[in-house]
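Protein chains in written order, with the working numbering: chain A, 4 to 419; chain B, 4 to 419. For reference, the structure is listed below as structure tokens.
Next up, the structure:
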């Protein structure tokens with residue numbers, strides 16, 4: 004990714020469909036002290052804590068698994084109908100740490116293998132690489148990973164003498180593909196997981212941001228057999244700068260002496276060796292934001308949801324305007340139409356690599372992300388990812404125009 | 004450590020010499036918004052940033068290696084005479100993450116071995132275990148690890164067919180032993196490191212807190228050949244709740260294509276897979292605190308330095324009062340007299356294990372930490388660690404009295 008980052012950095016004035024950064028919305032710096040105050044008011048007023056106890060909570064080293072686990076559990080119940088005890092919630096330094104400690108806890112044997120959709124979010128494959136964990140790609144369909152492909156990957160892994168331990172999946176509006184699983188596909192995946200003794204690592208940062216249709220239940224909300232670990236992020240729904248995420252790990256663990264505990268307690272032992280505990284200041288900021296929302300973050304995100312819906316719709320409309328059906332066929336250009344989220348994928352009739360990106364930036368003033376970087380086993384060479392999260396409507400209209408001119412020019416050059 | 008934590012939790016009213024938690028001093032919750040404001044004022048006023056840019060810095064994902072690296076570099080120059088470029092400073096989620104990413108970056112080969120003082124801080128051995136890195140203990144002397152013992156460990160490691168890659172060392176007032184290296188010992192260690200191609204991971208969280216004599220130069224300040232990576236923490240000198248630490252990695256790295264970069268840039272690739280970046284909110288809080296101190300944290304810690312000096316002196320005085328020289332000899336009790344820091348070690352004529360701790364808590368209302376947990380290869384069974392950082396003078400006087408009664412009772416029981 005480093006050459007990509009260099010290209011992006013060299014063209015700061017280009018319109019960028021590259022980064023998946025959240026929109027800043029109405030955020031102001033002054034919100035931070037207000038969130039802090041809302042949280043400490045909650046501790047003093049609602050929980051009846053003394054001033055000294057509040058002070059200690061903000062100043063000191065704290066509980067390894069976090070201090071806003073109760074607020075997160077309440078929010079999950081309200082927003083996602085995920086009903087778990089606060090003790091099964093581990094608060095982490097962003098979702099990235101949640102992935103890291105979860106993988107470290109679950110992948111104990113050298114033959115343990117992680118199944119991932121291909122194309123896949125680089126955060127999880129990076130964490131697996133950091134821990135030397137083997138990864139087996141599952142080719143993604145239009146509707147995300149399907150149960151048959153997962154089953155085939157499970158069998159392939161076993162035949163290679165390895166143990167398929169868990170599948171990482173983004174069920175809604177995946178990064179990078181924008182694909183989403185149907186409700187039926189979620190049920191089938193849970194059945195395969197139970198049948199094959201496979202855990203599911205569900206990551207759902209974009210689930211709120213529905214463009215078409217309605218929100219679907221998370222895998223964790225459908226999980227009746229505790230096969231699912233639910234990874235969470237507040238980066239898209241609250242404040243990326245706080246670096247607060249979490250993992251719900253309500254599985255029961257039985258140690259050699261027969262003592263029962265929660266998987267969350269095992270994660271705690273690992274977290275104490277990665278970051279000790281998540282910043283109390285960051286947790287207080289997110290805690291205050293949750294308190295202010297009444298632990299209903301979906302409602303609090305109404306404006307963001309509308310923003311991302313409009314943005315994705317605008318990209319799709321502008322693509323259709325610049326490439327009417329006939330022109331699309333003639334050029335060999337097409338794209339998917341995700342039902343929500345930040346991302347979509349455009350198929351182009353040329354190699355969409357870092358060099359093409361540099362031409363796009365230099366001569367047309369528009370940035371995007373090559374898809375090939377997200378594939379584990381080749382693929383995506385003729386695809387580019389567009390992210391529309393952080394642009395205004397005007398920038399999208401102008402940006403898709405530039406992109407269209409770039410694509411037309413690439414095709415014309417190739418034809419010449 | 005879990006059984007220990009349970010004991011500590013079961014006796015909340017006991018006077019505790021167990022945890023190494025910093026004193027809360029004059030900290031108030033209201034300091035947090037003020038630090039935030041001091042930092043944003045610095046960005047707008049001193050650096051001339053626009054309001055929008057400040058907002059984005061606090062809201063968004065940020066630079067992987069952090070945003071207060073310039074303030075940290077200035078503080079290191081003022082406080083420690085460590086002169087490094089800001090680009091060689093990686094801001095981390097506490098010192099624990101600094102250890103984790105440093106170990107992951109440096110320990111590439113399966114035979115790479117980490118040398119550590121024994122007894123040793125559990126954070127670094129835990130991070131090594133998390134990454135399956137082999138550890139070789141170096142028996143600690145009265146003045147910390149000495150060059151001859153390090154050399155012997157290097158040779159032992161090589162003879163076992165392994166590569167000694169780095170030595171982890173706390174030069175000042177180590178946790179758990181309280182031992183400190185003389186200036187001469189520091190010079191000899193640097194010479195051995197150069198001669199044996201060994202890197203030094205220097206961790207110096209307690210260096211400010213001198214009781215007797217004067218502060219000594221860090222290994223990094225003496226480092227002329229870039230053998231030292233300097234790990235830093237703001238937990239003891241500023242605010243543990245912010246979880247901000249750093250590592251100075253100014254070593255040059257040359258890749259297979261001959262391109263030169265800083266080791267800090269290699270750490271960045273790993274950090275992007277552990278926590279993406281350190282909380283912008285936490286960095287702003289620490290940044291504001293550094294700005295308010297004029298990047299002179301040693302001066303800003305004058306009250307803390309006096310507090311810890313008094314506390315450690317009081318423990319030593321009270322021990323001497325309860326165990327005069329003759330009684331000490333008769334019982335077989337002794338202790339070291341660290342020149343600073345939070346910790347000292349008491350040798351006792353009985354096994355100081357978790358069961359003894361429970362008796363101490365239940366019947367005498369005093370807690371401490373068994374030393375055996377800090378040894379890698381046995382040792383410390385008859386030693387206990389006292390931490391005096393978070394107690395008042397009155398608590399120390401009362402606590403040492405209770406400890407003396409516990410020790411006397413243990414000896415009497417054994418004699419009976």
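Beta carbons are placed, not taken as given, at the ideal position from N, Cα and C, and that holds for glycine. From a predicted model like this one, the values you see are computed outputs, not experimental measurements.
is_contact[residue i, chain B] using C-beta, thresh 8 Å
i, result
"residue 339 of chain A", "no"
"residue 288 of chain A", "yes"
"residue 171 of chain A", "no"
"residue 277 of chain A", "yes"
"residue 280 of chain A", "yes"
"residue 297 of chain A", "no"
"residue 59 of chain A", "yes"
"residue 49 of chain A", "no"
"residue 63 of chain A", "yes"
"residue 39 of chain A", "yes"
"residue 383 of chain A", "no"
Separation of residue j from residue i, as counted between CA atoms
i, j, result
"residue 381 of chain A", "residue 52 of chain B", "43 Å"
"residue 378 of chain A", "residue 168 of chain A", "21 Å"
"residue 209 of chain A", "residue 398 of chain A", "22 Å"
"residue 44 of chain B", "residue 57 of chain B", "9 Å"
"residue 21 of chain B", "residue 395 of chain B", "14 Å"
"residue 310 of chain B", "residue 86 of chain B", "29 Å"
"residue 112 of chain B", "residue 165 of chain B", "10 Å"
"residue 225 of chain B", "residue 321 of chain B", "37 Å"
"residue 81 of chain B", "residue 300 of chain B", "9 Å"
"residue 105 of chain B", "residue 314 of chain A", "41 Å"
"residue 351 of chain B", "residue 287 of chain B", "46 Å"
"residue 188 of chain A", "residue 250 of chain B", "46 Å"
"residue 31 of chain B", "residue 412 of chain B", "41 Å"
"residue 265 of chain A", "residue 89 of chain A", "11 Å"
"residue 334 of chain B", "residue 392 of chain B", "27 Å"
"residue 384 of chain A", "residue 10 of chain A", "18 Å"
"residue 141 of chain B", "residue 156 of chain B", "6 Å"
"residue 137 of chain B", "residue 230 of chain B", "20 Å"
"residue 93 of chain A", "residue 92 of chain B", "29 Å"
Helix, strand or coil at residue i according to DSSP, with G and I counted as helix
i, result
"residue 190 of chain B", "helix"
"residue 95 of chain A", "strand"
"residue 89 of chain B", "helix"
"residue 67 of chain B", "coil"
"residue 171 of chain A", "strand"
"residue 340 of chain A", "coil"
"residue 376 of chain B", "helix"
"residue 289 of chain B", "helix"
Chain A within 8 Å of residue i, Cβ atoms only
i, result
"residue 32 of chain B", "yes"
"residue 411 of chain B", "no"
"residue 11 of chain B", "no"
"residue 243 of chain B", "yes"
"residue 395 of chain B", "no"
"residue 97 of chain B", "yes"
"residue 27 of chain B", "yes"
Burial state of residue i, where buried means 16 or more other Cβ atoms lie within 10 Å
i, result
"residue 358 of chain A", "exposed"
"residue 13 of chain B", "exposed"
"residue 387 of chain B", "buried"
"residue 8 of chain B", "exposed"
"residue 259 of chain B", "exposed"
"residue 15 of chain B", "exposed"
"residue 327 of chain A", "exposed"
"residue 232 of chain A", "buried"
"residue 200 of chain A", "exposed"
"residue 257 of chain A", "exposed"
"residue 248 of chain A", "buried"
"residue 245 of chain A", "buried"
"residue 29 of chain A", "exposed"
Q.
I'd like to know if the stretch 286 to 298 of chain B and the stretch 140 to 153 of chain A are in contact, where contact means that at least 3 CB-CB pairs between them fall below 8 Å.
A. no
Q | Three CB pairs or more closer than 8 Å across the stretch 83 to 98 of chain A and the stretch 268 to 285 of chain A | A | yes
Q. Taking one C-beta from the stretch 399 to 409 of chain A and one from the stretch 340 to 358 of chain B each time, how about it: are there three or more such pairs within less than 8 Å?
A. no
Q: Could you say if the stretch 169 to 183 of chain B and the stretch 196 to 216 of chain B meet the contact criterion of at least three C-beta pairs nearer than 8 Å?
A: yes
Q. Can you find at least 3 beta carbon pairs, one from the stretch 104 to 120 of chain A and one from the stretch 149 to 169 of chain A, that sit closer than 8 Å?
A. yes
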